[in-house]
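Asks: Submitted below is the structure of interest, expressed as structure tokens.
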Amino acid sequence: MQLTLEFGGGLELLCDSIKIHKVNINLPNESDILTMKDLLSWVRTNLIKERPEMFMKGDTVRPGVLVLVNDCDWELSGQLDTTLEDKDVIVFISTLHGG
Amino acid sequence: MEASEAKSKRAGGSRLCCICNKRRPVLKRPKTLQQICRECFYEVFEEEIHQVIVQNRLFKSGERVAIGASGGKDSTVLAYVLSELNRRHNYGLDLFLLSIDEGITGYRDDSLETVKRNEVQYGLPLQIVSYKDLYGWTMDDIVKMIGLKNNCTFCGVFRRQVSKHSLFTQTFIIPIIFCFMISSLIDFLKALDRGATLLKVDKLVTGHNADDIAETVLLNILRGDIARLSRCTSITTGEDGPIPRCKPFKYTYEKEIVMYAYFKKLDYFSTECIYSPNAYRGFAREFIKDLERLRPRAILDIIKSGEDFRIATTTKMPEQGTCERCGYISSQKWCKACVLLEGLNRGLPKMGIGRPRGSVNGDNKHTKAGSTAKSIESKQCGSLDF
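Here the protein sequences line up with chains A and B, keeping their order. Count the first sequence with UniProt numbering and you get residues 1 to 99, in order. Count the second sequence with UniProt numbering and you get residues 1 to 386, in order.
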């Protein structure tokens, strides 16, 4: 599954300062759907190069990190249960910095 | 068209925007838990801020207002929205961007580039004032001297007292005492030259948002700082000082500010101050964020609690007088900035940090951070320090 991941608000510093990542993810074995939960754990393993606690807390993103799926707040689509489709754009923005 | 329809079905469910019932929702508002579309979000966001400004009578027509601009998300959105509302509702304000250069390499120089871009993007003139000019010390100099603890104390005090300098006030008379703050007459003339005739400010607006204020309420409770607690929820502060400051974003959630900036593609800079991970505020911030996740309304409710606190009449509150050295508002003989500066200039960087003994009067008694025989209850309100 081809996805575009964007990191903003300082999160890009955790991924070698690259803001946009075009990735190809294999579906988890047992199912034919990819959820945000699966994606997050993939991101933590494969893209986050340092200080993973800045990005995730437990199974979900750290409080203060906003997630948008196709420019839409993930709270509207079920947060971790959001299902992803090919060519989706997922944006992670941290709000935890000075204003 | 089919693919995007399928996507929007999944993304927004089968719901439509709560307000217009026409478009698909893109955001769930933490304040109200409503699901709203982009256009309704812009309207509601801007209108609520306009109402806060009007109901709290934050401005008067004709005022010259400085927008505290750090290049970060809050100040960028503040500059954009205020400038837009000023136009739309004819506030009649003379707006400009004001940036403070604390002299933190890698943090402030980059964010100042962003403010310079904002100047062009929003058509608002920019003034930059530096700690080096005003105090003779950059934050980098200060950290070299005091190490990595308590930096935020210095920076916060110096930042807030920037407005006391006559560069900002409406009169052009420079108090003689100002000379003590500058190490040489030449520096004095440079600082004077740089800003005096230009700045003439009636009011300062900052981008402090609801999350910030809720954090501050909690912080003050955790520190037992009753004096600050009684002031920190005021939407306007410093009315009896040289320049009043106000916070139009007092009831605006940080999440909404970030979403607004994202959808409108506003340019902002987002890196943590390199000295901040050691600040105590980080704990309050973490806690607030966890709380928001469970019950988003908590942020506004904490602010309301803060507003409605009443101090027991038996509590001893510090009296507000003026600093002997510079004339700024102070509850001690010398204001905090003067104490800190004296410490720096004499090579006693711990002066003004930690628990004070008796009155802080600028004697070069090195205050120890150890405990005393006095009990906590006998300490004057607001005099506990970390």
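Glycine residues also receive a C-beta, built at the ideal position from the N, C-alpha and C atoms. It should be emphasised that the depicted structure is a prediction, and the values quoted were computed from it without experimental measurement.
Output, in chain order, the set of chain A residues within a Cβ distance shorter than 7 Å of Y262(B).
Replies: The contacting residues are I93.
Asks: List in chain order: all unbroken beta strand (DSSP E) runs of 3+ residues lying wholly within the stretch 118-149 of chain B.
Replies: Fully enclosed beta strand (DSSP E) runs of 3 or longer: 126-130.
Asks: Please list, in chain order, the chain C residues whose beta carbon lies closer than 7 Å to that of E75(A).
Replies: Here chain C cannot be found, since the structure's protein chains are A and B.
Asks: So, at 8 Å on beta carbons, what are the nonlocal neighbours of I186(B) in its own chain, with the 5 sequence-adjacent residues on each side left out?
Replies: Reliability fails at I186(B), whose pLDDT of 44 lies under 50, so the model's placement of it is uncertain and the value that follows must be treated cautiously. Result list for I186(B): empty, nothing under 8 Å.
Asks: Please look up how many angstroms separate the CB atoms of S75(B) and A69(B), rounded, as I've assumed it's under 8 Å.
Replies: Between A69(B) and S75(B) the Cβ distance is about 5 Å, and since that is below 8 Å, they are a contact.
Asks: When we look at the beta-carbon of E113(B) and count the other beta-carbons within 10 Å, is it buried (16 or more) or exposed?
Replies: With fewer than 16 Cβ atoms within 10 Å of its Cβ, E113(B) is classed as exposed.
Asks: Give the residues of chain A in contact with M259(B), contact being defined as C-beta atoms less than 9 Å apart.
Replies: In chain order: L66, L68, D73, I93.
Asks: Is the stretch 330-343 of chain B close to the stretch 241-250 of chain B, with three or more CB pairs under 8 Å?
Replies: Not touching, per the Cβ criterion.
Asks: Is D290(B) close to chain A, meaning its C-beta is less than 8 Å from at least one C-beta of that chain?
Replies: Closer than 8 Å: yes.
Asks: Residues of chain A with CB closer than 8 Å to the CB of Q35(B), please, in chain order.
Replies: Those within 8 Å of Q35(B) in chain A are L76.
Asks: State whether the stretch 29-48 of chain A contacts the stretch 17-28 of chain B, with contact taken as three or more CB pairs (one from each stretch) at a distance under 8 Å.
Replies: The answer is no - the stretch 17-28 of chain B does not touch the stretch 29-48 of chain A, with fewer than three Cβ pairs under 8 Å.
Asks: Under 7 Å, CB to CB, which of the residues in the stretch 240-251 of chain B have a partner in chain A?
Replies: Residues: none.
Asks: Taking just the CA atoms, how far does L27(A) sit from L96(A)?
Replies: Going by the C-alpha atoms only, they are around 31 Å apart.
Asks: Within this structure, are the beta carbons of H208(B) and K250(B) separated by less than 8 Å?
Replies: Yes, these two residues count as a Cβ contact at 8 Å.
Asks: Using the C-alpha atoms, what's the distance from R228(B) back to E307(B)?
Replies: So the two alpha carbons sit approximately 12 Å from each other.
Asks: Is it the case that the Cβ atoms of D110(B) and F287(B) are separated by a distance below 8 Å?
Replies: No, they are not a contact pair.
Asks: Taking R297(B) as the reference, give the member of T237(B), A214(B), L341(B) with the closest Cα.
Replies: Measuring from the Cα of R297(B), the nearest candidate turns out to be A214(B).
Asks: Give me, in chain order, the residues of the same chain whose beta-carbon lies closer than 6 Å to that of R325(B); leave out the 5 immediate sequence neighbours on both sides.
Replies: Hits under 6 Å: W334, C338.
Asks: Label C232(B) either buried or exposed according to how many other C-beta atoms from any shown protein chain fall within 10 Å of its C-beta, with 16 as the threshold for buried.
Replies: Answer is buried; the Cβ neighbour count reaches 16.
Asks: Quick one: what does DSSP say residue 123(A) is sitting in, helix, strand or coil?
Replies: Any question about residue 123(A) goes unanswered here, given that chain A covers just 1 to 99.
Asks: Cβ of E113(B) less than 8 Å from any chain A Cβ?
Replies: For E113(B), the answer is no, since every Cβ of chain A falls outside 8 Å of its Cβ.
Asks: Nearest-angstrom Cα distance between T153(B) and S234(B)?
Replies: Spanning the two alpha carbons is a distance of roughly 21 Å.
Asks: Going along chain B, which residues have a C-beta under 9 Å from P63(A)?
Replies: The answer, in chain order, is E286, I288, K289, D290, L291, E292, R293.
Asks: Using the beta-carbon of each residue, which ones in chain A are nearer than 7 Å to residue 387(B)?
Replies: It is not possible to answer for residue 387(B), since the shown part of chain B is limited to 1 through 386.
Asks: What residues are listed by DSSP as bridge partners for Q55(B)?
Replies: According to DSSP, which records beta bridges pairwise, Q55(B) is partnered with nothing at all.
Asks: Determine whether the beta carbon atoms of V157(B) and L340(B) lie at a separation below 8 Å.
Replies: In this structure, L340(B) lies closer than 8 Å to V157(B) by Cβ.
Asks: Which one or two residues does DSSP pair with Q2(A) in a beta bridge?
Replies: In the DSSP output, where bridge partners are listed per residue, Q2(A) has N24(A).
Asks: Check the Cβ of P25(B) against every Cβ in chain A and list those closer than 7 Å, keeping chain order.
Replies: What P25(B) touches in chain A: L76.
Asks: Contact between the stretch 52-59 of chain A and the stretch 1-18 of chain A: three or more CB pairs below 8 Å?
Replies: Enough Cβ pairs lie closer than 8 Å, so yes.
Asks: Return helix, strand or coil for L84(A), following the three-state DSSP convention.
Replies: It is a strand residue.
Asks: Starting from the C-beta of T4(A), find all residues in its chain whose C-beta is less than 7 Å away, skip the five residues before and the five after it, and write them out in chain order.
Replies: So the qualifying residues of the chain are I20, K22, V89.
Asks: Using a Cβ-Cβ cutoff of less than 6 Å, which residues in the same chain neighbour G71(B) once the five nearest sequence positions on both sides are dropped?
Replies: Around G71(B): S111, T114, V115, F269.
Asks: Pick helix, strand or coil for K49(A), following the three-state DSSP scheme.
Replies: Correct three-state label for K49(A): coil.
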